[in-house]
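A short worksheet on the structure shown next.
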Amino acid sequence: EDKVVQSPLSLVVHEGDTVTLNCSYEVTNFRSLLWYKQEKKAPTFLFMLTSSGIEKKSGRLSSILDKKELFSILNITATQTGDSAVYLCDAGGYQKVTFGTGTKLQVIP
Amino acid sequence: DTEVTQTPKHLVMGMTNKKSLKCEQHMGHRAMYWYKQKAKKPPELMFVYSYEKLSINESVPSRFSPECPNSSLLNLHLHALQPEDSALYLCASSQEGVQGELFFGEGSRLTVL
Chain A
1 EDKVVQSPLS
11 LVVHEGDTVT
21 LNCSYEVTNF
31 RSLLWYKQEK
41 KAPTFLFMLT
51 SSGIEKKSGR
61 LSSILDKKEL
71 FSILNITATQ
81 TGDSAVYLCD
91 AGGYQKVTFG
101 TGTKLQVIP
Chain S
110 DTEVTQTPKH
120 LVMGMTNKKS
130 LKCEQHMGHR
140 AMYWYKQKAK
150 KPPELMFVYS
160 YEKLSINESV
170 PSRFSPECPN
180 SSLLNLHLHA
190 LQPEDSALYL
200 CASSQEGVQG
210 ELFFGEGSRL
220 TVL
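Line order of the protein sequences matches chains A and S.
The first sequence begins at 1 in this note's numbering and counts up one residue at a time.
The second sequence begins at 110 in this note's numbering and counts up one residue at a time.
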């Protein structure tokens, strides 16, 4: 059975801190890993990773995939209160997508 | 237009009612999804339509019945639901089948009395 596990489950940091969120996966016929941010309603897309070792960056956020060790990390530098959300990773196999458990991040002023 | 539109935003129904949730996208995406999300949990996949054909049914009870009338529309018909079916129902679409970025609607908040 496909499995996607995120850690930590929740995290509280102060503004300006750097955080690293983890996502490990065991997915049949893995093809891509995607990160989403979910605030109050629908998840919004952050990154899609298909190749190992290639970092994707968007502002203060970056992510990288390790297909040998079957994990991905999402880094957020200089955190702001607006980064408070649940971060979901989604490991896509053939004809299937599986969301991880999510990491709830709270950034306090 | 990069939106996925879901209606209604909120729905309250009794256990004997029949209702439907609707989802629409005009991005030309060929895969559309229904997810169920309970509070403080990740979205759970229910159904996937790829090129208007049902490609994944995650062992969802028959009281939930999906329908894809055309490539832009996705419905979820609800009948004889249970209170535990109360949740946020999210529709999503993707361009590249089940591998690409998912575009989510705002969701329909369902309460079953």
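Glycine included, each C-beta is placed from N, C-alpha and C at the ideal position.
DSSP assignment within the stretch 8-73 of chain A yields the following whole beta strand (DSSP E) runs of 3 residues or more, N-terminal first: 10-14, 19-26, 32-38, 44-49, 56-58, 61-66.
In this structure, the CA atom of Thr114/S is about 5 Å from the CA atom of Gly214/S. Not a single CB atom of chain A sits nearer than 8 Å to the CB of Leu222/S. Under the 8 Å criterion on CB atoms, Leu88/A is classed as interfacial with respect to chain S.
Using a Cβ-Cβ cut-off of 8 Å, Lys41/A counts as an interface residue toward chain S, since at least one Cβ of chain S sits closer than that to its own. Going by C-alpha positions, Val157/S is about 30 Å away from Gly53/A. Scanning its chain for C-beta atoms nearer than 8 Å, with the 5 sequence neighbours on each side dropped, one finds around Gly100/A the residues Val4, Val5, Gln6, Cys23, Tyr25, Leu88, Cys89, Asp90, Ala91, in chain order. Chain-order list of chain A residues neighbouring Gly216/S: Lys41, Ala42, by C-beta distance under 9 Å.
If you draw a straight line from the Cα of Tyr144/S to the Cα of Leu154/S, it is about 5 Å long. By the Cβ-count criterion, Val121/S is exposed, with fewer than 16 other Cβ atoms from all chains shown falling within 10 Å of its own Cβ. Annotated three-state conformation of Gly92/A is strand, per DSSP. Of all C-beta pairs linking the stretch 179-196 of chain S to the stretch 73-87 of chain A, fewer than three are shorter than 8 Å, placing the two stretches out of contact.
With a threshold of 16 other beta carbon atoms within 10 Å, Ile76/A meets it and is buried. The DSSP-derived three-state label of Glu193/S is helix. Rounded to whole angstroms, the gap between the alpha carbons of Arg218/S and Lys57/A is 33 Å.
In the DSSP secondary-structure assignment, Met141/S is bridged to Tyr158/S, Ser202/S. In this structure, Thr98/A lies away from Pro8/A, with their beta-carbon atoms at least 8 Å apart. With respect to the 8 Å criterion, Ser195/S and Val221/S are classified as neighbours on the basis of their beta carbons. Secondary structure at Thr79/A: coil, using DSSP grouped into helix, strand and coil. The C-alpha of Gly59/A is placed about 16 Å away from the C-alpha of Glu15/A. Nearest neighbour of Val27/A by Cα position, chosen from Leu21/A, Gly82/A, Asp2/A, turns out to be Asp2/A. Beta-bridge analysis with DSSP links Ala85/A to Leu105/A. One finds Pro151 in chain S with Cβ atoms closer than 7 Å to the Cβ of Thr101/A, taken in chain order.
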